[in-house]
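2 protein chains.
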Amino acid sequence: MSRVEHKKVDEHLSKRLSTSGFRFTPQREHVYGVLLGQRDHPTAEEVFIRAKHRMPEISMATVYNCLDALVRSGVARQVTVDRGAKRFCPNMREHSHFYCDTCEKVFDIELPDEGPPVIPLPKGFQAARFEIAIHGLCPGCGKSKK
Amino acid sequence: MSRVEHKKVDEHLSKRLSTSGFRFTPQREHVYGVLLGQRDHPTAEEVFIRAKHRMPEISMATVYNCLDALVRSGVARQVTVDRGAKRFCPNMREHSHFYCDTCEKVFDIELPDEGPPVIPLPKGFQAARFEIAIHGLCPGCGKSKK
DNA sequence: AACTAACTTAGAATTATTCTAACTATTGAC
DNA sequence: GTCAATAGTTAGAATAATTCTAAGTTAGTT
Numbered sequence: 028m029s030r031v032e033h034k035k036v037d038e039h040l041s042k043r044l045s046t047s048g049f050r051f052t053p054q055r056e057h058v059y060g061v062l063l064g065q066r067d068h069p070t071a072e073e074v075f076i077r078a079k080h081r082m083p084e085i086s087m088a089t090v091y092n093c094l095d096a097l098v099r100s101g102v103a104r105q106v107t108v109d110r111g112a113k114r115f116c117p118n119m120r121e122h123s124h125f126y127c128d129t130c131e132k133v134f135d136i137e138l139p140d141e142g143p144p145v146i147p148l149p150k151g152f153q154a155a156r157f158e159i160a161i162h163g164l165c166p167g168c169g170k171s172k173k
Numbered sequence: 028m029s030r031v032e033h034k035k036v037d038e039h040l041s042k043r044l045s046t047s048g049f050r051f052t053p054q055r056e057h058v059y060g061v062l063l064g065q066r067d068h069p070t071a072e073e074v075f076i077r078a079k080h081r082m083p084e085i086s087m088a089t090v091y092n093c094l095d096a097l098v099r100s101g102v103a104r105q106v107t108v109d110r111g112a113k114r115f116c117p118n119m120r121e122h123s124h125f126y127c128d129t130c131e132k133v134f135d136i137e138l139p140d141e142g143p144p145v146i147p148l149p150k151g152f153q154a155a156r157f158e159i160a161i162h163g164l165c166p167g168c169g170k171s172k173k
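The listed protein sequences derive, respectively, from chains A and B.
When we follow the working numbering, the leftmost residue of the first sequence carries the number 28, and every step to the right adds one.
When we follow the working numbering, the leftmost residue of the second sequence carries the number 28, and every step to the right adds one.
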């Protein structure tokens with residue numbers, strides 16, 4: 028990331044944090060940088076390990092705190108896989124997730140242009156957000172299983 | 028449930044278990060009965076508490092074992108909510124789940140007749156199953172918040 | 001009947017996450 | 001600018017959910 032891009036990201040993050048009542052701190056900046064740096068849906072622990080490289084004194088509790096602040100500020104989302112720890116993802120565009128049942132990797136799947144499919148809800152229900160999870164075989168694992 | 032219905036359910040369960048390589052045991056029968064008896068998406072612990080009423084010696088490990096066997100045999104499914112324990116559901120028809128962000132209850136939402144919406148996958152991905160989660164306010168909580 | 005594998009049990013262990021208490025940094029009132 | 005109030009960070013303890021372990025039980029097989 029260039030210096031200019033970096034500054035832009037920081038400004039965006041700072042604005043999002045403060046409008047949700049959070050402060051912009053070096054730890055939050057760094058944790059967000061970790062998410063942006065490798066978009067492979069890391070767990071909190073993986074984020075912790077990566078964050079330690081450039082910030083060795085950071086604690087697990089802070090990583091959880093930062094991830095929570097990022098999610099609540101709307102710059103990251105949390106994706107829950109059937110089994111195991113929650114994973115984090117800085118892609119805020121509407122998208123769904125593909126979980127490979129073999130290698131357990133998570134992939135972003137962009138939704139078609141017409142947006143998310145509409146599911147009719149019974150009277151009285153008010154939907155705020157959707158999550159679509161698709162399970163199956165990813166290209167790599169599908170090939171080797173042929 | 029009448030005696031005849033009960034027998035039918037047992038036969039169905041027994042067949043499903045054995046085709047997946049599991050035995051039909053009193054504990055599994057009972058845990059399945061608990062799921063059918065109150066379709067409110069209980070957690071493993073809630074199932075444990077309910078199961079104890081008629082089978083006080085059953086252990087938590089057995090409840091987990093039974094739920095796992097039921098899920099693997101295709102007579103129940105596991106639904107994962109953002110936070111907290113997994114929940115179990117004996118409704119095997121294609122349906123999605125609505126999570127109320129306020130009262131945290133889970134509701135089954137039937138899919139439209141045309142089936143689940145189609146999401147185009149990039150080349151190489153093979154989908155096995157979908158899960159659609161909808162978050163928002165349920166009728167009860169939506170009313171009180173007006 | 002004897003053997004094997006699956007099942008159940010209690011309790012220990014593990015994993016993921018949250019809480020606690022002490023300390024530090026930032027913000028706003030004066 | 002100083003000071004109190006609040007938010008954030010830290011290490012480590014605590015909790016919650018789940019899985020594992022070892023020993024005993026049961027069911028199906030030879």
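Quick reminder that beta carbons are idealized off the backbone N, C-alpha and C, glycines included.
State the beta-bridge partners of residue i as determined by DSSP.
| i | result |
| --- | --- |
| A:Ala154 | B:Gly163 |
| A:Ile136 | A:Ser123 |
| A:Thr70 | A:Arg114 |
| A:Arg55 | Partner(s): none; A:Arg55 has no beta bridge. |
| A:Val90 | Per DSSP, none; premise fails for A:Val90. |
| A:Arg43 | A:Arg43 pairs with nothing; no bridge assigned. |
| A:Arg212 | The requested residue 212 of chain A is not part of the displayed model; chain A covers only 28 to 173. |
From residue i to residue j, what does the alpha carbon distance come to, in whole angstroms?
| i | j | result |
| --- | --- | --- |
| A:Pro147 | A:Arg30 | 47 Å |
| B:Ser45 | B:Val90 | 18 Å |
| B:Lys173 | B:Glu32 | Bear in mind that a pLDDT of 43 at B:Lys173, under 50, signals an unreliable position, so the number given afterwards is only what the model happens to contain. Roughly 44 Å separates the two Cα atoms. |
| B:Arg77 | A:Leu63 | 45 Å |
| A:Ser47 | A:Ser41 | 10 Å |
| B:Val108 | A:Val108 | 10 Å |
| B:Gln65 | B:Tyr59 | 11 Å |
| B:Lys132 | A:Lys35 | 40 Å |
| B:Pro149 | A:Cys130 | 17 Å |
| A:Ala71 | A:Asp37 | 21 Å |
| A:Ile159 | B:His124 | 11 Å |
| A:Phe75 | B:Val61 | 41 Å |
| A:Glu73 | A:Gly111 | 13 Å |
| A:Phe49 | B:Glu141 | 44 Å |
| B:Lys79 | A:Lys79 | 46 Å |
| B:His39 | A:Met28 | 59 Å |
| A:Ala155 | B:Ala155 | 27 Å |
On a CA-only basis, which of the options is nearest residue i? Give me that one, please.
| i | options | result |
| --- | --- | --- |
| A:Asp128 | A:Leu97, A:Gly163 and A:Ala103 | A:Gly163 |
| A:Phe51 | A:Asn118, A:Leu97, A:Gln65 and A:Glu131 | A:Leu97 |
| A:Pro69 | A:His33, A:Gly167, A:Asp135 and A:Glu38 | A:Asp135 |
| A:Tyr126 | A:His39, A:Asp67 and A:Gly60 | A:Asp67 |
| B:Pro166 | A:Ala71, A:Gln153, A:Glu121 and A:Leu138 | A:Gln153 |
| A:Pro139 | B:Glu38, B:Val145, B:Glu141 and B:Asp109 | B:Val145 |
| A:Lys113 | A:Arg81, A:Asp95, A:Cys130 and A:Met28 | A:Asp95 |
| B:Ala88 | B:Glu38, B:Glu141, B:Ser123 and B:Arg55 | B:Arg55 |
| A:His122 | A:Gly111, A:Glu137 and A:Cys130 | A:Glu137 |
| A:Pro53 | A:Met28, A:Ala71 and A:Pro83 | A:Pro83 |
| A:Val102 | A:Cys130, A:Glu73 and A:Arg43 | A:Arg43 |
| B:Arg81 | B:His57, B:Glu73 and B:Glu72 | B:His57 |
Under 8 Å by Cβ, that's how I've got residue i and residue j pegged, so tell me the actual separation to the nearest angstrom.
| i | j | result |
| --- | --- | --- |
| A:Phe157 | B:Ile85 | About 37 Å; that fails the 8 Å criterion. |
| A:Met119 | A:Arg104 | 7 Å |
| B:Cys116 | B:Val106 | 6 Å |
| B:Gly4 | A:Gly151 | As displayed, chain B neither begins before 28 nor continues past 173, which places residue 4 of chain B out of reach and without an answer. |
Relative to chain B, which residues along the stretch 91-123 of chain A have a C-beta separation below 9 Å, given in chain order? Only those residues of the stretch 91-123 of chain A whose C-beta falls short of 9 Å from the nearest C-beta of chain B are listed: Gln105, Thr107, Val108, Asp109, Arg110, Lys113 and Ser123.
Name, going along the chain, the residues of the stretch 134-156 of chain B whose beta-carbon falls closer than 9 Å to a beta-carbon of chain A. Result list: Phe134, Ile136, Glu137, Leu138, Pro139, Pro143, Pro144, Val145, Ile146, Pro147, Leu148, Pro149, Lys150, Gly151, Phe152, Gln153, Ala154, Ala155 and Arg156.
Which of the residues in the stretch 158-171 of chain A, read from start to end, lie with their CB under 7 Å from any CB of chain B? Cβ contacts with chain B come from Glu158, Ile159, Ala160, Ile161, His162, Gly163, Leu164, Cys165, Pro166 and Gly169.
May I ask you to list, following chain order, the residues of the stretch 30-43 of chain A that have a beta carbon less than 7 Å from some beta carbon of chain B? Answer set for the stretch 30-43 of chain A: empty.
Taking Cβ-Cβ distances below 7 Å as the criterion, which residues of the stretch 64-88 of chain B are in contact with chain A? Taking 7 Å as the cut-off between beta carbons, none of the residues of the stretch 64-88 of chain B comes near chain A.
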